[in-house]
Amino acid sequence: MSVFEYQVTGMTCGHCELSVREEVSGLPGVKTVDVSAVTGRLAISSDAELDDRAVLAAVEEAGYVAQRR
Numbered sequence: 005m006s007v008f009e010y011q012v013t014g015m016t017c018g019h020c021e022l023s024v025r026e027e028v029s030g031l032p033g034v035k036t037v038d039v040s041a042v043t044g045r046l047a048i049s050s051d052a053e054l055d056d057r058a059v060l061a062a063v064e065e066a067g068y069v070a071q072r073r
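Residue 5 is where the sequence shown starts when you use the numbering used here, and the numbers rise one by one after that.
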């Protein structure tokens with residue numbers, strides 16, 4: 005299993021984390037999602053390579069901006 009890390013800007017609370025988690029969890033291959041509004045860290049565990057564009061689009065759909073670490 006691989007872990008893919010992103011930096012998310014604009015999150016301020018637990019609801020922000022939930023929004024990102026819900027959007028990213030629906031992507032193909034995603035096993036776990038760990039997100040922190042405090043640090044802005046988004047860590048995604050997957051058995052397969054993730055499509056960065058899909059992850060960035062999912063975070064944008066939640067209302068935030070992400071960048072691959």
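C-beta atoms are modelled at their ideal positions from N, C-alpha and C, and glycine is treated no differently.
As the structure is a prediction and not an experimental result, all values here were calculated from the model.
### Task
Out of Val-28, Asp-38, Lys-35, state which residue places its alpha-carbon closest to the alpha-carbon of Ala-61.
Val-28
### Task
Could you please give me the residues that DSSP links to Glu-21 through a beta bridge?
Glu-21 is not bridged to any residue.
### Opening and closing residue of the alpha helix (DSSP H) in which Leu-46 lies
Run containing Leu-46: none in the alpha helix (DSSP H); it sits in the beta strand (DSSP E), 45-50.
### Query
Would DSSP call Ala-58 helix, strand or coil?
Ala-58 sits in a helix when the DSSP states are folded into three classes.
#### Entry: Euclidean distance between Cα positions of Val-39 and Thr-16
12 Å
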